[in-house]
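Down below is the structure, laid out as structure tokens.
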Amino acid sequence: MKFLACMMSLAALAGLLLTGCTTQLVYMNDIYLVNSCGVPLQVQSQNSTNWLPPIEPQMVAPGERVSVASYRSYGEDVDGQVSCRYSLSIKGPERTRLVTADEMRQALHSVKRESDGLQRRWTLKDGVFCP
Numbered sequence: 102m103k104f105l106a107c108m109m110s111l112a113a114l115a116g117l118l119l120t121g122c123t124t125q126l127v128y129m130n131d132i133y134l135v136n137s138c139g140v141p142l143q144v145q146s147q148n149s150t151n152w153l154p155p156i157e158p159q160m161v162a163p164g165e166r167v168s169v170a171s172y173r174s175y176g177e178d179v180d181g182q183v184s185c186r187y188s189l190s191i192k193g194p195e196r197t198r199l200v201t202a203d204e205m206r207q208a209l210h211s212v213k214r215e216s217d218g219l220q221r222r223w224t225l226k227d228g229v230f231c232p
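Shown next as structure tokens:
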């Protein structure tokens, strides 16, 4: 009987530990780019998500917003999640601009994070990446 009681206590403890591990909060970190360049742009990012299929090229009219990266997170901020292989191609009518992972991380440091529950957003809108 004592053995059975001991085993049941251990099983209850294990159940508590497993429950604690499975209730960890998952945040959605999204990076958006607002086209403030005054011309239509074709935007395509590479290695820009840890949970979605690759993001297809998108046409973005002046003033419109487009997602350029999306990451699931267990608490870390988005700049720590941007892969060293991340790149963002921004093609205008005359030129193309290629944004590296380091440039994206640097730009994110000057953007205020917006939060709504588990959703966190960074919006780049000052034209820093215009081609």
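Under our numbering, think of the first position of the sequence shown as 102, with each following residue one higher.
Don't be surprised by glycine CBs; every beta carbon is placed ideally from N, CA and C.
Exposed unless 16 or more other CB atoms sit within 10 angstroms - verdict on residue i
{"i": "threonine 150", "result": "buried"}
{"i": "tyrosine 172", "result": "buried"}
{"i": "methionine 108", "result": "At methionine 108 the pLDDT is 46, less than 50, meaning the model places this residue with poor confidence and gives no usable figure here."}
{"i": "leucine 153", "result": "exposed"}
Straight-line Cα distance separating residue j from residue i
{"i": "proline 155", "j": "glutamine 147", "result": "7 Å"}
{"i": "lysine 226", "j": "threonine 124", "result": "35 Å"}
{"i": "cysteine 231", "j": "leucine 219", "result": "30 Å"}
Residue i and residue j closer than 7 Å at C-beta
{"i": "tyrosine 128", "j": "arginine 206", "result": "no"}
{"i": "proline 163", "j": "glycine 193", "result": "no"}
{"i": "valine 167", "j": "valine 161", "result": "yes"}
{"i": "asparagine 130", "j": "serine 188", "result": "no"}
Cβ distance (whole Å) where residue i is taken to contact residue j below 8 Å
{"i": "aspartate 180", "j": "leucine 209", "result": "5 Å"}
Opening and closing residue of the beta strand (DSSP E) in which residue i lies
{"i": "glutamate 215", "result": "215-217"}
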